[in-house]
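Quick note on numbering: the sequence shown equals residues 1191 to 1335 in our numbering.
Glycine included, each C-beta is placed from N, C-alpha and C at the ideal position.
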Amino acid sequence: MTDFSLIPSGSRVTVDTAPIIYLLEGHAQFHKEYLPLFERIDAGDIYGVISVIALAEVLAGPLKHGNEILADCYFRALASSANWRVQGMDSELSFIAARIRVRYNLKLPDAIQVATAIQSRSIALVTHDRDFSSVDEIQVLGAGL
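Written as structure tokens, this is what we have:
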């Protein structure tokens, strides 16, 4: 289990899709693992960064079930909060992602997550995905690692 209390106050952390979904859906096992991270972001002690890929993946769940209202609530919570920032895609991020993809043989969405963490100057990428375990450009934290 990762001790999210060790993240220095004022830091940015990029959060991958799964931890956000675990929180929003109250996942029986993993919700509690990531809750301390989200409590610190909610309190403004640290700041969350989300990629456009992660945002789209988070919104896809409620939209798949025809729940526009819930999707809009998720969107506003992540895209309009003072404690969260959506890192946009630009040509520099694309180039970083391409390098990461080639170096670690990652799928493009995963490479974009890493590139988002690097470009946003996040202290870490928080994920539940073991595919990031070999990445050494950014610290990778998560309950599943």
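Quick check on residue 1259: buried or exposed, where buried means 16 or more other Cβ atoms within 10 Å of its Cβ?
As a working mapping, residue 1259 is identified with position 69 in the sequence shown. By the 10 Å Cβ count, residue 1259 comes out exposed.
Between residue 1236 and residue 1271, how many whole angstroms is the CB-CB distance? I'm expecting something under 8 Å.
Taking the first residue of the sequence shown as position 1, residue 1236 is located at position 46. Taking the first residue of the sequence shown as position 1, residue 1271 is located at position 81. Between residue 1271 and residue 1236 the Cβ distance is about 13 Å, and since that is not below 8 Å, they are no contact.
Alpha carbons only, please: which of 1301, 1296, 1203, 1297 is nearest the one belonging to residue 1286?
Taking the first residue of the sequence shown as position 1, residue 1286 is located at position 96. Its Cα nearest to that of residue 1286, the residue 1301 stands out among 1301, 1296, 1203, 1297.
Using a 10 Å radius around the Cβ and a threshold of 16 neighbouring Cβ atoms, would you call residue 1318 buried or exposed?
In the sequence shown, the residue the question calls residue 1318 occupies position 128. Buried is the call here.
Using the beta-carbon count (16 or more within 10 Å), is residue 1219 buried or exposed?
The residue labelled residue 1219 in the question sits at position 29 within the sequence shown. So residue 1219 ends up on the exposed side.
How long is the line joining the alpha carbons of residue 1196 and residue 1245, rounded to whole angstroms?
Sequence index remark: in the sequence shown, residue 1196 carries index 6 (1-based). Sequence index remark: in the sequence shown, residue 1245 carries index 55 (1-based). Whole-angstrom Cα-Cα distance: 26 Å.
Sub-8 Å separation of residue 1312 and residue 1230 beta-carbons
The count along the sequence shown starts at 1 and reaches residue 1312 at position 122. The count along the sequence shown starts at 1 and reaches residue 1230 at position 40. The answer is no: Cβ separation not under 8 Å.
Would you mind stating whether residue 1303 and residue 1243 have Cβ atoms separated by less than 8 Å?
As a first step, residue 1303 is located in the sequence shown; it is residue number 113 there, counting from the start. As a first step, residue 1243 is located in the sequence shown; it is residue number 53 there, counting from the start. It is a contact, given that the beta carbons lie within the stated cut-off.
Less than 8 Å between the C-beta atoms of residue 1277 and residue 1316, yes or no?
Mapped onto the sequence shown, residue 1277 falls at position 87. Mapped onto the sequence shown, residue 1316 falls at position 126. The answer is no: Cβ separation not under 8 Å.
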